[in-house]
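Same order as they appear, the protein sequences are chains Z and V.
Here the first sequence is numbered in my numbering, starting from 1 and rising by one per residue.
Here the second sequence is numbered in my numbering, starting from 1001 and rising by one per residue.
Where is the CB? At the ideal position from N, CA and C, for every residue including glycine.
Read through the structure below, which is laid out as structure tokens, and then see the notes.
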Amino acid sequence: MSHTTDYIGKPTNRVDGPAKVTGTAKYAAEFNVPNLLYGYVVSSPITKGKITKIDTAPVLALPGVQEVFTHENVPGFAFLDRSYKDDVAPGGSPFRPLHDAEIKYSLQPVAMVVADTFELARYAASILHIEYDEVAHETELVKHIDEAFEPGRGKTGYKPPKSRGNFGKGWKEGVARMEANYSHHAQHHNPMEMFASTVEWLGDKNLTIYDKTQGVFNSQQYVNKVFGLSKDQARVISKYTGGGFGSGLRPQYQLFLAVMASLQLERSVRVSLTREQMFSFGHRPETLQHVALATAADGSLTGINHFAVAETSQFEDFTENVVGWSGTLYDCKNVELGYRLAKVDVFSPLDMRAPGAASGSIALEIAMDEMAYAAGLDPLEFRLRNYSDFDQAQNLPYSSKALRKCYAEGAAKFGWEKRTAEPGSMRDGNLLVGWGMGGGIWDASKQPAVVKASLDVDGHLTVSSGTNDIGTGTYTIMTQIAAESMGLPIEAVTFVLGDTTLPESPLQGGSWTAASVGNSTVEACTKLGEALLKQAQKMDSPAFKNAKIEEVEFANGQLRLRSDSTQAIVLRDIVQASGETKIEAENSTVLTKLEMLKPPKYSMHAHNAVFVEVKVDPELMTVHVTRVVNAVAAGRIINPKTARSQVLGSVVWGISSALMEESVMDHRFGRYMNHNYAEYHVPVNADIHDIDVIFVSEEDDKVNPLGIKGIGEVGLLGVAAAVTNAIYHATGKRVRDLPVTIDKLL
Amino acid sequence: MNSFTFTQATAVAGAVQDKAAHDDAAYIGGGTNLIDLMKENVARPTHLIGLKKLGLDTIENTPDGGLRLGALATNADTAWHPEVEKRYPLLNQAILAGASPQLRNMATDGGNLMQRTRCYYFYDLATPCNKREPGSGCSAIGGYTRVHAILGTSEHCIATHPSDMCVALAALEATVRVSGPNGERTIAFEDFHRLPGDQPERDNTLEPGELITGLDLPEKGFAKNFSYLKLRDRTSYAFALVSVAAALELDGNTITEARLALGGVAHKPWRDKAAEAMLIGQPATADTFRRAAAKVLEGAKGQGTNNFKIELAKRAIVRALKQAAEMNQVLDTNAFQNSNP
Ligand SMILES: Cc1cc2nc3c(=O)[nH]c(=O)nc-3n(C[C@H](O)[C@H](O)[C@H](O)COP(=O)(O)OP(=O)(O)OC[C@H]3O[C@@H](n4cnc5c(N)ncnc54)[C@H](O)[C@@H]3O)c2cc1C
Ligand code: SF4
């Protein structure tokens, strides 16, 4: 039976929308606490070497300059590397800002000027004279393939790729084969909001820290460990984030610098980075890949080989799952996978939306297109012939898998059956038309998250958890889930997040927030329901006297009997009768934690299929992506509106990766040269045309009680490959080095 | 950015005097380029002279049948001025192919001429640059040269002038009006910007202290047969890899007059009068256009990562001339590109 307070699955406007469009939503650099000082970071112009001299005197002489921090005067804080490791730190030795004279990468922070105004700090930083002893650097990945090594355990979530069967045999058995190299360059996250931390000094080493982050607890524990502060001394707040895409998964160096300066000067300090400095930390690593495929006469894959080499820094081994997906997505007995890292003089790479899979799916899905042509099959038909009904990599059944529906509904919507296979065979007037497809697979995961639900005497429900909303819609969907769980109108529910004084929640990443915090919200609300029923039973209402929790429901603002909905008590009245100001409950994460220890029983994944149309000018070789259909199977969709936005953003990013986005390194300088928004190209509105998002129905009672798989990343997969495949279909030109800029098509 | 003083000039003479009275003063129009350069510490003026109150923002017909653009008219007001739309649609197209609506609302016509190169190395103090610091070397040579020149380069600098508007002004043979310590003078557009030679720090032929007061367009606007084609790494809000302003006069299918200017390929809007001459008296066919294109690119020299621009420029010239001759929007890949309001 439906209730007026059912919200799950309904398109719902963002509850934080009004705050954002009216400007009342505040970001880390917007907290104007009293007596604030401003730090401005000086970045290294060289890539490798040593600082030999820093002349701080002329800068310190400027009235209003409070301090110039360099490795010479920043005290040693925690000694062990362990203290600098955050939740997602890769293996190795984390970078310590202003630690010593050594320069490890271009744009490394080498000093910070702190002054009374931002403008003064910026000016002072520009005249700070620093001398360096430069030594030769190495930033060119392709020159270091031979030194590439297999990473050890890697960072959290890294699964060393596992081969199976005998690829050599499968390769020989094939009647058709393809083999090729693929590459893409570094990309920087470049969220609109620059990284910033405002640290409010409250006296006696008590700090409130407004940080740009995807996880307040991650920032807090970093500060605790590095500076030896207790949890009470370092409260971290992040209510709004102007985009993250993974860049906020690790505490960035402005957090260290702002806290350090605040502690040293016993003042409130803000440090915000510039757009150029947004190129001075993690990025999606440049990745070189090789794929070889073979098929039998019926088009079934007899062998898959996928090998990748990615760059990492000299000080950490950043790992991601690039090739593993190739052993899962398609059915094949003989799979050989390899993944290696090569060290160059850059900062450690960092997870970027669909880390690993975004890279791997470019190679695999272009290769699948090449293989389809080599085998004389339609690319969709080819994928269907190799559909995986059982996860051979994990040797587990899927908890659910509606990829077939993605193929069918996506193709139908796109009109794929009208495609003619021959490259260059489709036209729109003078323009070449190309249709290409691709797809992908992403983990459906869940982490322990604590949620508190509290109903007050006015009948207002406040649900809280220290998770983040990086623009994905967390505020909204948690409000929907809580409202439906407690049977309250959405206006009577507030979801609070982004504060370390709230119950602990994991980093916002891995597409797991909806599942983790969402299910915990249901659990907390269930507990609150039990408490409310208990309280109701103390009231003078015979109907509920012996009622069990299964026999009641919370709907339309009331507690009522399932068997007789006229037997009802308004929730507010229950709290009022209790004599308390509120009734609260919190979920327990014990079961989730135990669950995570057990070997999984199912392979749990979200999937998608992408269909793309490009139009190409046959002489000028300009490419326009005129149409995209992205069909996604991601379990239950809590809010089709915010979920659609996630997929739209993914498609735009996929087009970006395919056609224009790249951090261009000049290896002579070891420096990314297009470090600004004018030259680091991402699509503008005029580049984006029709995008259709389809969520195919996929019920899954095994993945988690709500059946959520997460939607933040899967939509990106296969998009770049599909665009590239469409360009091939239009022009007959197979470009394997992304982005496909005009010069590669001439 | 350093600290600076600011005066709002109300008369040309006063502005010129103010400039002469300071060592490191700069005029400021819309500020869309200068402020960026100051934030990057590429420009460090200690005094700014605001020009927006000079009253030079009008656009008026001239007695000889031309049109005078005030130096402080914004790029947006210029593009959308009824006389420009009607008589100089090439200029309208070129302006609208540049920057974004917000920038065009701020940017002034004088500032557009004076904007500096977008060479990555020029903007980055960590890399040597002869234009920024004469004698320090040119980092672009042997480096990432996507926005760099293929024509008229020197061993000292391979930068391009980034403007779209100026490419149209070159084709239209505008005249630049300036006022300076030594009085007023006019400069033919082709003589305004210069090639880098051994003085890459000089973008143009303005003398120290000179102020641009306006631009005169001659009567002939080529409103019947014109095209501005801009090729770039995304559909809008990116500088040209190659752009072409083409303007023709036709008698039937025979070309009687031709103008051809290129952007994104040289230190100045690139005009090739020999190539234009080759078009005169010829039928407006692909063959004719290809010959002219080959002529323009005859002396072109790639810098490595921009080698492709030689071929791209040839194709762009052929297409732009074809579009100008046929005035056929279907051929126009800018159909998407000019979707900016
Ligand atoms: C992100 C971005 C993208 C852009 N994309 C494009 C593009 O695609 N195509 C394009 O053509 N342009 C593009 N532009 C550049 C834009 O067109 C110029 O910045 C603008 O035209 C400069 O005009 P302004 O009035 O703002 O100049 P200002 O910034 O005020 O001044 C620029 C220079 O001109 C001098 N100056 C200004 N007025 C006068 C005068 N009357 N006499 C003498 N000297 C003067 C100043 O001293 C300064 O040195 C882009 C700019 C940005 C920031
Ligand atoms: S091309 Fe010119 S502007 Fe660029 S680095 Fe060389 S000298 Fe400087």
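Report yes if the C-beta distance between residue i and residue j is below 8 Å; otherwise report no.
{"i": "V/Leu1067", "j": "V/Asn1061", "result": "yes"}
{"i": "Z/Glu316", "j": "Z/Pro90", "result": "yes"}
{"i": "Z/Pro109", "j": "Z/Pro97", "result": "yes"}
{"i": "V/Gly1029", "j": "V/Thr1108", "result": "yes"}
{"i": "V/Leu1054", "j": "V/Val1084", "result": "no"}
{"i": "Z/Asn468", "j": "Z/Leu497", "result": "yes"}
{"i": "Z/Ile366", "j": "Z/Arg736", "result": "yes"}
{"i": "Z/Asp298", "j": "Z/Arg385", "result": "yes"}
{"i": "Z/Glu286", "j": "Z/Ala186", "result": "yes"}
{"i": "V/Leu1231", "j": "V/Leu1312", "result": "yes"}
{"i": "V/Leu1056", "j": "V/Gly1183", "result": "no"}
{"i": "Z/Gly410", "j": "Z/Val629", "result": "yes"}
{"i": "Z/Leu265", "j": "Z/Glu67", "result": "yes"}
{"i": "Z/Lys702", "j": "Z/Gly635", "result": "no"}
{"i": "Z/Leu263", "j": "Z/Lys205", "result": "yes"}
Does residue i pass the burial test, meaning 16 or more other C-beta atoms within 10 Å, or should it be called exposed?
{"i": "V/Phe1226", "result": "buried"}
{"i": "Z/Ser2", "result": "exposed"}
{"i": "V/Ser1100", "result": "exposed"}
{"i": "V/Thr1005", "result": "exposed"}
{"i": "V/Ala1277", "result": "exposed"}
{"i": "V/Ala1324", "result": "buried"}
{"i": "V/Ala1284", "result": "buried"}
{"i": "Z/His129", "result": "exposed"}
{"i": "V/Asn1338", "result": "Residue placement at V/Asn1338 is poorly supported in this model, since its pLDDT is 35, which falls under 50; the coordinates still yield a value, given next. Result: buried."}
{"i": "Z/Phe390", "result": "exposed"}
{"i": "V/Pro1269", "result": "buried"}
{"i": "Z/Pro63", "result": "exposed"}
{"i": "Z/Gly215", "result": "buried"}
{"i": "Z/Pro58", "result": "exposed"}
{"i": "V/Tyr1120", "result": "buried"}
{"i": "V/Asp1064", "result": "exposed"}
At a threshold of 7 Å, does residue i count as lining ligand 1 (C-beta to nearest heavy atom)?
{"i": "Z/Ala444", "result": "no"}
{"i": "V/Phe1006", "result": "no"}
{"i": "Z/Ser197", "result": "no"}
{"i": "V/Asp1164", "result": "yes"}
{"i": "V/Tyr1237", "result": "yes"}
{"i": "V/Ile1028", "result": "yes"}
{"i": "V/Met943", "result": "This structure leaves residue 943 of chain V out entirely; chain V is present only between 1001 and 1341."}
{"i": "V/Leu1103", "result": "yes"}
{"i": "Z/Met426", "result": "no"}
{"i": "Z/Ile834", "result": "Outside the modelled stretch of chain Z, which goes from 1 to 746, sits residue 834 of chain Z, for which no answer is possible."}
{"i": "V/Leu1169", "result": "no"}
{"i": "V/Gln1093", "result": "no"}
{"i": "V/Thr1175", "result": "no"}
Taking 7 Å as the cut-off, is the CB of residue i close to at least one heavy atom of ligand 2?
{"i": "Z/Pro45", "result": "no"}
{"i": "V/Thr1305", "result": "no"}
{"i": "Z/Tyr475", "result": "no"}
So who's on the other strand from residue i, going by DSSP bridges?
{"i": "Z/Lys413", "result": "Answer is none; Z/Lys413 lacks a bridge partner."}
{"i": "V/Lys1314", "result": "Paired residues: none, contrary to the question."}
{"i": "Z/Met368", "result": "Partner(s): none; Z/Met368 has no beta bridge."}
{"i": "Z/Thr287", "result": "Z/His184, Z/Ala310"}
{"i": "Z/Trp442", "result": "Z/Ala606"}
{"i": "Z/Val628", "result": "Z/Val612, Z/Ile691"}
{"i": "Z/Lys527", "result": "According to DSSP, Z/Lys527 bridges with nothing at all."}
With a floor of 4 residues, list each alpha helix (DSSP H) that falls wholly inside the region 539–617 of chain Z, ordered by position along the chain. 571–578, 590–597
Give the list of continuous beta strand (DSSP E) stretches no shorter than 3 residues that lie fully inside the region 225–250 of chain Z. 234–237
Give, in chain order, every unbroken run of the alpha helix (DSSP H) that is at least 4 residues long and sits entirely within the region 342–404 of chain Z. 357–375, 379–385
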